[in-house]
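Protein chains in written order, with numbering that gives the first Met the number 0: chain A, 0 to 493; chain B, 0 to 137; chain C, 0 to 113.
C-beta: ideal position from N, C-alpha, C; glycine also.
Read through the structure below, which is laid out as structure tokens, and then see the notes.
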Amino acid sequence: MKNNLLVVPVILPLFTAILIFLISNIKFQKLLSFVSTTFCLATALYLTKQVSVKGIQTLSLGDWPAPFGIVIALDLFSGIMLILTMIVSLAALIFSFKTIGSERENYFYYAFFQLQIMGINGALITGDIFNLFVFFEILLIASYILMALGGKPYQLQETTKYMIINMVSSVLFLVGVAVLYSTLGSLNMADLSVKVGKAGDQGILKVIAVIFMIVFGIKGGLFPLYFWLPRSYHAAPSAVAVLFGGLMTKVGIYAILRVYTLIFAPTLSSINNIILIIAGLTMFLGVMGAVAQMDFKLLLSYHIISQVGYMIMGLGLYTPLSITGAIYFLIHNIIVKSCLFLISGIAEKLRDTTDLKKMGGLMATDPSVAYIFLIAGFSLAGAPPFSGFFGKFLLIRAGLEKGSYLIVFVSILVSFFTLYSMTKIFKYAFWGTAPENVKKVQHNHYFGLVLPAACLALLTVFIGLNTEWVYSYVNSAAYQLMNPDLYIQAVLGG
Amino acid sequence: MNSLILKTVATPVLYLIVSFSVYVFFRGHNNPGGGFIAGLLTAGAFVLQYLSFDSKTVKSNFSLNWKKLIPVGLILALGSGLGGMILGYPFLSHSFGCFYLPLIGELELATAIIFDLGVYFVVLGTALTIISVIGGKD
Amino acid sequence: MEFLMALVVGVFFAVSIYFMLSKKLLKVVFGTLLISHAANLMLLTSGGLKGEKAPILSDGSTLSYADPIPQALILTAIVIGFGVTAFILVLTCRLYKTFATDDLSILRGEANEK
């Protein structure tokens, strides 16, 4: 019942952030955050291994028993997400050593970076819906600061919009929690799951389910609510955009998957057609936005929206295979999206612009970057043998089995457009002639700039080639999600 | 603001409010009160100083770096959670005991008070940092 | 009493949404402040407004105590709101100093038209 190691992914970043606030030596701050993030990654790997062997791990904070106190629970899905969070954070951290600049470092950039990780990790492992709100707020406040640091006019503008939208979504979250509490009288997710089954009035539960869909939809960038996303991610500095693009929206998707499979599973059958429509529109409109863009970072930001649609499609189909597909796609997308944002950061560093028309010739000057992009781009579009192929394959097969041909058609169509926009980036940024007097990656900077992207690209190849091994974990994660009894028993019983 | 009455009263009242905040802080375990509200009260006392004198005078009177209070408070709060963890209990476990102190008599002390002290420092540090940063730029 | 609170919450939401639809940045910020108060009041009402004793077991009288959970939730939400409010006020201040306007239709930014 108690596994104190579970709090390490939350406490360690917090502790690191505190130390960074106390010690102003930048070199020490870098070393400390590197060591702490690596250690967190190791802990996440160890914990997930434990979960896969021993089952869901839980911890009641302060020794208060489950439905009354706050519970931390780690199942395989959150374990996998935890590992990916730490991998992407590590990559973004190494990348920010070389790119973020002393101006931001002096204003405790690394501390807020750690607080952001703390918020994400906390949201992943908590078993209490109000606690989820608190961790969402922590990661949001850290993200406001990371976005605003630097204080350029464009940044200030976009941060203000981003903040106001997220404040409204937080308020909706609170409203959802309030209605949920007054209806069911509990905040523990496992307890809620039990009580939903016994609740008489399903109408109000549907309302609550939709409120939560809107809240997490704003965070995850779903169809009618994604308008804030591209500009905000465009305004953030590259290293921060990696963190945002790779992880922030995915935490929203994680929350949707968690809350809907655990609490709102009974209501899911009545709204899953709506979810599928949202998924299709999100995919299609996102990729259309990407096709129209001529800016590296904006284009990638629109792709985030489009890819989020696939994950929601997995939820809308709601079969064991589709949930497996959604988790697999989530894994793939976190890795590849972060890799692509890293490459856009490198390109921005080399060419001092994110406008594709003013780039060009990166293939000639820095071929290694071009090859990494090629791998990541193909993987995003879903070409075999990279990881993107299997995620889409699972989802499409689940769709065909369920007979939802329209969504399958849309998702295949969107894949082609994705490929098209990736070739567009490749044509403008990597081929063509370089503008005059361009910078080249200096050899002493190579480690910090290219290595994180290269590692992530290798990871997508690795996942693509070792599908069966990864699939076995993803499959049991989906099994745990489809059978909430396991989660309930781990949290409440014993 | 340049009011003689305010300037005369501000400093005695500071001690009054701070001692009241200490009272509120300690009654917080079983009654309404606690670290958060005590921190806000203390911050209010210092805001009164900022209102009656200019920020330079306040800085020379109280040579405290408010910003440093935040990490110190956080460490206290985090440490109170870690204490139970080292002894093998879940994170944030607290315990309490009764002690007999001369003059005061029997006193119930809980380790949760360390957490509350941390909250007190964080609230005090945050509130005063915000006020001195926003107010100091006029 | 609950009905009255529901009315108050409704009025709060209406006023804050009206503020948020305004073109002036400061009014939008006030709108976000008000709406978070509306949510806090709603949380308070969610537990029901009965009972006046503090929820601490003392001398066996467990009758009519107030539900502690909404209070704890509100305290947390207020603290979070406090931090976010301070941040957005400073941000608005910086924005106003940089652009010398608080008209949101001007603050759209030229990048939107790209």
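Residue i burial status per 10 Å Cβ neighbour count (16 or more: buried)
i: C/Glu-1; result: exposed
i: A/Asp-365; result: buried
i: A/Gly-196; result: exposed
i: B/Asn-64; result: exposed
i: A/Leu-173; result: buried
i: C/Ala-13; result: exposed
i: A/Asn-130; result: buried
i: C/Lys-113; result: Because C/Lys-113 carries a pLDDT of 41, less than 50, the predicted location of this residue cannot be relied on, and no value is offered for it.
i: A/Ala-41; result: exposed
i: B/Phe-52; result: buried
i: A/Leu-448; result: buried
i: B/Phe-120; result: buried
i: A/Thr-15; result: buried
i: A/Lys-356; result: exposed
i: A/Gln-292; result: buried
i: C/Ser-35; result: buried
i: B/Cys-97; result: exposed
i: C/Ile-92; result: According to the sequence shown, residue 92 of chain C is Cys rather than Ile. Exposed, because fewer than 16 other Cβ atoms sit within 10 Å of the Cβ of C/Cys-92.
i: A/Gln-306; result: buried
i: A/Lys-160; result: buried
Straight-line Cα distance separating residue j from residue i
i: B/Val-132; j: B/Ile-69; result: 15 Å
i: A/Phe-392; j: A/Gly-324; result: 8 Å
i: C/Leu-24; j: C/Ile-105; result: 11 Å
i: A/Gly-184; j: C/Gly-46; result: 8 Å
i: A/Ile-128; j: A/Ala-122; result: 9 Å
i: A/Gly-402; j: C/Leu-20; result: 43 Å
i: A/Ser-321; j: A/Ala-380; result: 19 Å
i: A/Cys-454; j: B/Tyr-22; result: 57 Å
i: B/Phe-61; j: B/Leu-13; result: 12 Å
i: A/Ala-177; j: B/Val-71; result: 34 Å
i: A/Phe-388; j: A/Gly-219; result: 22 Å
i: A/Asp-62; j: A/Ile-124; result: 17 Å
i: C/Leu-88; j: B/Pro-101; result: 50 Å
i: A/Leu-339; j: A/Leu-329; result: 15 Å
i: A/Ile-55; j: A/Leu-138; result: 25 Å
i: B/Ile-113; j: B/Gly-78; result: 8 Å
i: C/Ala-5; j: C/Pro-69; result: 15 Å
i: A/Gly-267; j: A/Arg-396; result: Before going further, note that residue 267 of chain A is Leu rather than Gly in the sequence given. If I take the Cα positions, the gap works out to 21 Å.
i: A/Glu-400; j: A/Leu-275; result: 15 Å
i: A/Tyr-317; j: A/Leu-30; result: 44 Å
i: A/Ile-164; j: A/Leu-171; result: 11 Å
i: A/Pro-483; j: A/Phe-295; result: 41 Å
i: B/Gly-87; j: A/Asn-3; result: 8 Å
Residue j beta carbon less than 8 Å from that of residue i
i: A/Ile-345; j: A/Val-368; result: yes
i: A/Pro-152; j: C/Thr-84; result: no
i: A/Val-241; j: A/Ala-433; result: no
i: C/Val-7; j: C/Leu-40; result: yes
i: A/Asn-187; j: A/Ala-65; result: yes
i: B/Ile-16; j: B/Leu-40; result: yes
i: A/Phe-416; j: A/Phe-372; result: no
i: A/Ile-304; j: A/Gly-285; result: yes
i: A/Val-490; j: A/Ala-189; result: yes
i: A/Gly-431; j: A/Gly-376; result: no
i: B/Leu-123; j: B/Gly-38; result: yes
i: A/Ser-88; j: A/Ile-487; result: no
i: A/Ile-79; j: A/Tyr-472; result: yes
i: A/Ser-337; j: A/Gly-251; result: no
i: A/Asn-120; j: A/Thr-158; result: no
i: C/Ile-16; j: C/Leu-43; result: no
Proximity test, Cβ basis, 8 Å: residue i and chain D
i: C/Gly-9; result: Among the protein chains of the structure shown, namely A, B and C, there is no chain D.
Entirely enclosed beta strand (DSSP E) segments - the stretch 40 to 91 of chain A, minimum 3 residues: 56 to 59, 70 to 73
Are the stretch 472 to 481 of chain A and the stretch 63 to 81 of chain A touching by the rule of at least three beta carbon pairs closer than 8 Å? yes
contact_flag[the stretch 91 to 108 of chain A, the stretch 31 to 49 of chain B] where n(CB pairs < 8 Å) is 3 or more: no
Pairing CB atoms from the stretch 205 to 224 of chain A with CB atoms from the stretch 232 to 243 of chain A, are three or more of them under 8 Å? no
Minimum length 3: unbroken beta strand (DSSP E) runs contained in the stretch 119 to 170 of chain A: none
Hey, is the stretch 456 to 465 of chain A in contact with the stretch 393 to 413 of chain A, meaning 3+ C-beta pairs nearer than 8 Å? Contact between the stretch 456 to 465 of chain A and the stretch 393 to 413 of chain A is absent: fewer than three C-beta pairs spanning the two stretches fall below 8 Å.
Entirely enclosed alpha helix (DSSP H) segments - the stretch 66 to 106 of chain C, minimum 4 residues: 67 to 98
Just checking, does the stretch 15 to 33 of chain A make contact with the stretch 100 to 113 of chain A on the three C-beta pairs under 8 Å criterion? Enough Cβ pairs lie closer than 8 Å, so yes.
Runs of 3 residues minimum, wholly inside the stretch 385 to 419 of chain A: which ones carry the beta strand (DSSP E) assignment? none
Entirely enclosed alpha helix (DSSP H) segments - the stretch 336 to 390 of chain A, minimum 4 residues: 361 to 364, 366 to 380
Runs of beta strand (DSSP E) lying entirely within the stretch 271 to 296 of chain A, each at least 3 residues, in chain order: none
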